[in-house]
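In what follows, a structure is listed as structure tokens, so that the remarks can point back to it.
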Amino acid sequence: MKNFNECRLLLVDDTRTNIDILVNGLKDLYKLSIAMDGETALNIVKAQRPDLILLDIMMPEIDGYEVCRILQEDPETSGIPIIFLTALDHAADKAAAFEQGAVDYITKPFEMIEVKARIKTHLSLKLSREEMVRMHEEEMLQAAKMISIGTLVAGMGHEINNPTAYILSNTYNLQRIWGDLGRILTDHRETLAECAIGNLTYEDLLETMPQLLTGIREGAERINRTVAGLKDFARKEKTDPDHYQPVYLNDVVDKGLTLMAGQIKKYTNNFRMDLGLDLPAVKGSFHQMEQVLINLLLNGAQALTDKGQALRLTTTYDLKKEEVRLTIIDEGEGMDQERQKRIFEHFFTTKTEDKGTGLGLAITAKIIKDHNSRIEVASTPGQGTMITVSFPALREEIRG
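Here our numbering is used: the first residue of the sequence shown is 889, the next is one more, and so on.
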């Protein structure tokens, strides 16, 4: 979000003395532009798009009311807050100002401390409003991307599953054939002992062929599981609380790790997992809980600076508080207190542009809040970070 000292104010008054007083009081706080008539003010607005306008009413040719009306009728400038600064102090004058679209009204003679306070208030409102618009646009873009991914994955899944099905079918046939062929080769062990096939001795062949076929089959099955996981992750799901269902956290972990295995291996050779037994279910959206897991795992993995550093995931149940917990610990860079306070803000990121947009943890925090759950962060610079998510347990739904 823009800082106050980056904001530009347009000061409009046909009296030089008033302009000088305003400039002296505001020049160290904001960027300033000056106009001494309405026409010049409109031209400056068109060229510079100020963040706020201090506008006199009584000016020759085009008065302040008309300037305000013109700006409010233009969608490009209607969002610029206008504060009237005028000697007119009748109730009718104030009413007319607000009817034209002004956000505030200050009468002359004015106190600079009041002017500064009102400027700061309306700039804060404007910047917050703009930030909310940016957040909404970014989230809409993210949602559109997810829909596109879902469509893409559905199409890719068909293209991938067909050849994978041939691989699996043929591998099963080859394994069955090899079972018979292996017995025949064993019966002729003495005759074939000195033979070599594809640089493999007879003994190596008997040992290696089953391993090769098993590897092909397991690889194809893993492709199928990954595609199925992607399709599940990208599919549309009703995610409002009224449609929440019992969800087992360990199932979420199993599914999420299918998608995250490659990313985890990219950042660490030291991943450990400890899943609790007999964990109660929680009420929620499987898809959104999976998104939380993936965002937190990816955040932890990307914090690592060496592949020897550890990344650990645990699930536990706190019987006393009746909470199911997901904990992710990384031995990465860690964070100071200031960064810890801000990591769940929209667009705040500690990563390079190729690693993060500053939305992942903000979305994570919103999902956790929607699930009536909480997230806690403990971090030490240079030592790592521990993030714990606590979900309220459903007493009647228990499973390992």
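Every residue, glycine too, gets a C-beta built ideally from N, C-alpha and C.
None of the values given here were measured: they were computed from a predicted structure.
Check: Under a three-way DSSP split, which group does Gly1272 fall into?; Outcome: strand
Check: Can you give the beta carbon distance from Glu927 to Glu949, rounded, assuming they're within the 8 Å contact cut?; Outcome: 7 Å
Check: If you run the structure through DSSP and keep just helix, strand and coil, what is Ala1189?; Outcome: helix
Check: Among Met1020, Thr1074, Ala1116, Ala984, which one has its Cα closest to the Cα of Ile1048?; Outcome: Ala1116
Check: Let me confirm a value: Lys1143 is counted as buried when at least 16 other C-beta atoms fall within 10 Å, else exposed. Which label applies?; Outcome: buried
Check: How is Ala935 classed by DSSP in three states: helix, strand or coil?; Outcome: helix
Check: Quick one: what does DSSP say Ile968 is sitting in, helix, strand or coil?; Outcome: coil
Check: Looking at the secondary structure, which residues open and close the beta strand (DSSP E) in which Glu1211 lies?; Outcome: 1211 to 1218
Check: For Met1161 and Arg1200, I'd like the C-alpha separation in whole angstroms.; Outcome: 6 Å
Check: Do Met1223 and Thr1273 have their beta-carbon atoms positioned less than 8 Å apart in this structure?; Outcome: yes
Check: Could you compute how far the alpha carbon of Leu1100 sits from the alpha carbon of Leu1062?; Outcome: 11 Å
Check: Name, in chain order, the residues that DSSP records as bridge partners for Lys919.; Outcome: Arg896
Check: Rounded to whole angstroms, how far is the Cβ of Leu910 from the Cβ of Ile945, which I believe are closer than 8 Å?; Outcome: Actually they do not touch by this definition, with Cβ atoms about 15 Å apart.
Check: Rounded to a whole number of angstroms, what is the C-alpha to C-alpha distance between Thr1252 and Arg1113?; Outcome: 25 Å
Check: Measuring CB atoms only, is the region 1161 to 1174 touching the region 1182 to 1191, in the sense that at least three cross pairs come out at less than 8 Å?; Outcome: no
Check: Bridge partners of Pro1280, per DSSP?; Outcome: Glu1211
Check: Apply the 10 Å Cβ neighbour rule to Asp901 and answer buried if 16 or more other Cβ atoms are within range, or exposed otherwise.; Outcome: buried
Check: Pick helix, strand or coil for Met1161, following the three-state DSSP scheme.; Outcome: strand
Check: So, helix, strand or coil for Phe1236, using DSSP?; Outcome: Confidence is the limiting factor: at Phe1236 the pLDDT is only 45, short of 50, which leaves the residue's position unreliable and the question unanswerable from this model.
Check: Would you call Pro963 buried or exposed, if buried means 16 or more other Cβ atoms sit within 10 Å of its Cβ?; Outcome: exposed
Check: On a CA-only basis, which of Ala1053, Thr1052, Leu959, Ile907 is nearest Met1000? Give me that one, please.; Outcome: Ile907
Check: When the Cα atoms are used, what is the spatial distance from Ala1266 to Lys1229?; Outcome: 11 Å
Check: Within the 8 Å Cβ cut-off, does Gly1067 reach chain B?; Outcome: Protein chain content of the structure displayed is limited to a single chain, and chain B is not contained in it.
Check: In terms of alpha-carbon separation, which member of Leu1029, Arg1283, Glu1226, Gln1225 lies closest to Lys1208?; Outcome: Arg1283
Check: Count the other C-beta atoms from every protein chain shown that fall within 10 angstroms of the C-beta of Leu959, then say buried if there are 16 or more, exposed otherwise.; Outcome: buried
Check: Locate the alpha helix (DSSP H) running through Ala1198, then write down its first and last residues.; Outcome: First-last for Ala1198: 1198 to 1206, but that is the beta strand (DSSP E), not the alpha helix (DSSP H).
Check: Using the C-alpha atoms, what's the distance from Leu930 back to Cys895?; Outcome: 18 Å
Check: According to DSSP, what are the bridge partners of Tyr993?; Outcome: Phe972
Check: Distance check for Ile968 and His1131, CA to CA, integer angstroms please.; Outcome: 41 Å
Check: Using a 10 Å radius around the Cβ and a threshold of 16 neighbouring Cβ atoms, would you call Leu899 buried or exposed?; Outcome: buried
Check: Quick check on Thr903: does DSSP put it in helix, strand or coil?; Outcome: coil
Check: Taking only the alpha-carbon atoms, compute the straight-line gap between Met1023 and Glu1210 and give it to the nearest angstrom.; Outcome: 34 Å
Check: Where do the N-terminal and C-terminal ends of the alpha helix (DSSP H) with Lys1229 fall, by residue?; Outcome: 1225 to 1230
Check: Drop a sphere of 10 angstroms on the beta-carbon of Met1028, count the other beta-carbons inside from all chains shown, and report buried for 16 or more, exposed for fewer.; Outcome: exposed
Check: Is DSSP giving Thr928 helix, strand or coil here?; Outcome: helix
Check: Mind checking whether Glu987 and Ile994 have CB atoms under 8 Å apart?; Outcome: no
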